[in-house]
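The listed protein sequences derive, respectively, from chains A and B. Letter by letter, the first sequence follows residues -14 to 321 in the numbering used here. Letter by letter, the second sequence follows residues -14 to 321 in the numbering used here. The C-beta atom is built at its ideal place from N, Cα and C for all residues, glycine as well.
Number of protein chains: 2
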Amino acid sequence: MTKIAIDAMGGDFGPNPIAEGVISALKERKFHAFLVGKTDILKPLIPNELEKFVTFVQADEVFEMKNDATNVLKKKETSIYKAIELVKNGECKAVVSAGHSGATMSLATLKIGRLKNVSRPAIATLMPTSKETKTLVLDVGANVDSKSEHIFQSGVMGEAYAKEIMKIKNPKISILSNGEEECKGDSATKGAHQMLKILDTFVGNAEGNQIFDGSVDVVTCDGFIGNIVLKTSEGVADAMNKLIKKEVKGSLIAIAGAILMKNVFKRVKKATDYDEYGGAPLLGVKNCVIISHGKSSPKAIKNAIFQALEFANSNINSVIEKRLEELSLTKSKEAI
Amino acid sequence: MTKIAIDAMGGDFGPNPIAEGVISALKERKFHAFLVGKTDILKPLIPNELEKFVTFVQADEVFEMKNDATNVLKKKETSIYKAIELVKNGECKAVVSAGHSGATMSLATLKIGRLKNVSRPAIATLMPTSKETKTLVLDVGANVDSKSEHIFQSGVMGEAYAKEIMKIKNPKISILSNGEEECKGDSATKGAHQMLKILDTFVGNAEGNQIFDGSVDVVTCDGFIGNIVLKTSEGVADAMNKLIKKEVKGSLIAIAGAILMKNVFKRVKKATDYDEYGGAPLLGVKNCVIISHGKSSPKAIKNAIFQALEFANSNINSVIEKRLEELSLTKSKEAI
């Protein structure tokens, strides 16, 4: 049974939604949960009949959101530190954290360690499209000031994710830019574009709107930019919902219309809902690290655990290592 | 009467929507239009009673979208070249172009020239929010690989636009970043953040979602990033509309609901419609240059002309020059 370590304390709303998410995940799939945190708080949250699938790991402290991530290595009694240690020690195959994402990344990179040939891990996130598909965008926040090599490596890691996890045979890999022509981009992007040509899956530049139209499967970019894209898309969706609600309020006819359209809005919400994905994998580190939103609902935690299960039981990490090895050999051959 | 030069040929759909836009603008406000392009095509498009408000300026060629902007200085017979020349020579106070935006920018910067103390002009665009307000975002595409100084200057130009054109007494100026804390950002952003502190209107970092929630009035950023934000927001709005339409199609009840909500959707569309703004001013060049979308509708052209009129009759350029002068004096004093 796959063993998953879960930081049960780090989220914005404390242990309750996390425990609830673990319970619903356990009801749907077989795995073993290592719940890390204050045992006296966590134990009463898990029903007796599920206790055989849960191991409680005591951690006295929580690494709070307001703390600076650089201090995390010294905070050995925090739930995130102990959860990462379970993976480092080989006890668990994956970790799910809704806590301080910077701290999770630092610990994952420094304690669990990077994959061979990866210089910087990247956070990958799925974005909804107007088609039935999803687009994988990475990096959405692990690194700023990326060099071409980092954006290139994210593209390669995204290709592996698309093939191994999203099960797309011939994924379309693209790079985010300010125009479709090859000459468009800032210098890091233009350099990465040239390097990505080595992939037969590379389809060139993608503009911001292409993330949401289903025309590409993977979009690689620097983490500063990816994070802004992520927040921008949340902001637009939120503003549109608010505008519609405000306009509906003013008219009885519109209220009637909105009632009739209730199911439509529900399905659109579901299609664009972060909770449906649950978490963002940190690609490029050993084992499996899933970073969830601090405000994760139980459903988001459940889906993050499912993501961890799928990831932990896939070959993605060895595919990434081999692919980067192979590409660097090709590059050196071409240089001769 | 304010004289506005209009590149009547450069848009994706040829001269017709542009002429139509000019006609509806002339019906609403008093100005004189210099229509630049093939006179034999343009003349028949303008009704006799409006001809006294129009001067036709012959240009034999069009600078096409597929051309490389770097060649534009040699293409002296193109409509955009001749339109820019009308401003350079003092004949017109503003130019509106729905043509090749790179070419328009190059010509504006090289022929009309930059304002004193501005090192790089920036394209500014208004974005809708869930409130009644708009947010000015700049740069959305003039410059890539911006240094801190450029992002700072865009912030100062945005402040002037907010005060002089948007008529906001105490605008909130912010810088786009991947977190609200001062320590967040790539190196150019972090440097610009420090420089922007000199403005008493500066409120710190804004995240992507804050563009759309009305919490800030101006967001400054590098043009590569701003362009991606612009396209991302268009993409999200478009995807949401498509998802709603697709879901509605599947159910008669939902169709009935959508009919009742028709006015709501119309008003939301109007609130978020690019055509309502019409164009993006190029801030930091002398006189007034308004860049419109290649696919501009007549309404967008009309609104771009109104924007040009407002801009040309404001003090914004002298405010920008004075403010940058004043700030550089303060900075040098502080350095002593």
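- Task: Apply the 10 Å Cβ neighbour rule to B/C273 and answer buried if 16 or more other Cβ atoms are within range, or exposed otherwise.
- Result: Burial call: buried.
- Any contact of the segment 185 to 204 of chain B with the segment 156 to 170 of chain A, i.e. 3+ C-beta pairs under 8 Å? no
- Would DSSP call A/S159 helix, strand or coil? In the three-state reduction of the DSSP assignment, A/S159 falls in the strand class, which pools E and B.
- Helix, strand or coil: which one does DSSP assign to A/R105? coil
- What does A/G279 touch in chain B if you count any residue whose Cβ is under 9 Å from its own? In chain order: nothing, as chain B lies at least about 13 Å away.
- Query: Where A/K51 and A/V57 are concerned, what is the direct C-alpha to C-alpha distance, given to the nearest angstrom?
  - Reply: Rounded to the nearest angstrom, the two C-alpha atoms are 12 Å apart.
- Using the Cα positions of A/D258 and A/A265, report the straight-line distance between them to the nearest angstrom. 14 Å
- Reference B/V39, options B/H178, B/K101 and B/V7, closest by Cα: B/V7
- Message: Tell me which residue opens and which closes the beta strand (DSSP E) that A/I(-9) is part of.
- Response: Looking at the DSSP string, the run of the beta strand (DSSP E) that includes A/I(-9) is K(-12) to D(-8).
- Query: Closest by CA to A/D185, which one among A/S131, A/I210 and A/R308?
  - Reply: Residue A/R308 holds the alpha-carbon nearest to the alpha-carbon of A/D185 among A/S131, A/I210 and A/R308.
- For A/I229 and chain B, any beta-carbon pair shorter than 8 Å? yes
- Query: For the segment 241 to 289 of chain A, which segments carrying the alpha helix (DSSP H) assignment without a break, of at least 4 residues, lie completely within its bounds, in sequence order?
  - Reply: Runs found: 247 to 256.
- Message: Is there a Cβ of chain B sitting closer than 8 Å to that of A/D(-3), yes or no?
- Response: no
- Outcome for B/N288 when other beta-carbon atoms lying within 10 angstroms are tallied against a minimum of 16: buried
- Item | Nearest-angstrom Cα separation, counted from B/N298 out to B/F41 | Cα to Cα, the separation comes out at about 23 Å.
- Query: What distance in whole Å lies between the Cβ atoms of B/I158 and B/E325, which are believed to be in contact at a cut-off of 8 Å?
  - Reply: No answer is possible for residue 325 of chain B: the residues shown for chain B start at -14 and end at 321.
- Message: Just verifying my parser: in three-state terms, what is the DSSP assignment at A/S82?
- Response: strand
- Query: Is B/G(-4) near B/I3, with beta carbons less than 8 Å apart?
  - Reply: yes
- Reducing DSSP to helix, strand and coil, say where B/F187 ends up. strand
- Task: Could you check how far apart the C-beta atoms of A/T205 and A/G140 are, in whole angstroms? I think they sit under 8 Å.
- Result: Yes, A/T205 and A/G140 are in contact; Cβ-Cβ is about 4 Å, under 8 Å.
- Report, in whole angstroms, the separation of the C-beta atoms of B/A54 and B/V21, which I expect to be a contact under 8 Å. Between B/V21 and B/A54 the Cβ distance is about 18 Å, and since that is not below 8 Å, they are no contact.
- Message: On the CB-based measure, 16 or more other CB atoms within 10 Å of its CB, does A/N1 come out buried or exposed?
- Response: exposed
- Quick one: Cα of A/K15 to Cα of A/Q179, how far? 44 Å
- Message: Could you tell me the alpha carbon to alpha carbon distance between B/I(-9) and B/E295, rounded to whole angstroms?
- Response: 16 Å
- Give a yes or no on whether the minimum CB-CB distance between B/V129 and chain A is below 8 Å. Chain A contact via Cβ: present.
- Query: Using Cβ-Cβ distances below 8 Å, what residues of the segment 105 to 129 of chain B are close to chain A?
  - Reply: Per Cβ criterion, the list reads P113, T114, S115, G126 and V129.
- Over the uninterrupted alpha helix (DSSP H) stretch that includes B/G6, give me the two end residues. P0 to E13
- Might you give, ordered along the chain, the residues of its own chain that have their beta carbon closer than 8 Å to the beta carbon of B/S115, omitting 5 neighbours on each side? Here the set comprises F197, D198 and G199.
- Among A/T315, A/G242, A/I305 and A/I276, the one whose alpha carbon lies nearest that of A/A68: A/I276
- Message: With distance defined between alpha-carbon atoms, name the residue in A/S104, A/S236, A/V249 and A/M225 nearest to B/K254.
- Response: A/M225
- For B/F41 and chain A, any beta-carbon pair shorter than 8 Å? no
- Just grab the DSSP bridge partners of B/K119 for me. For B/K119, which the question treats as bridged, DSSP gives the partners B/P113.
- Task: Inspect the beta-carbon positions of A/A93 and A/L267 and report whether they are closer than 8 Å.
- Result: yes
- Query: Checking contacts by CB at 8 Å: is B/L215 closer than that to chain A?
  - Reply: yes
- Query: To the nearest angstrom, how far is it from the Cα of B/L228 to the Cα of B/K247?
  - Reply: Annotation: B/L228 to B/K247 spans about 16 Å, alpha carbon to alpha carbon.
- Among B/E311, B/E261 and B/R99, which residue has its Cα nearest to the Cα of B/A285? That would be B/E261, whose Cα lies nearest to the Cα of B/A285.
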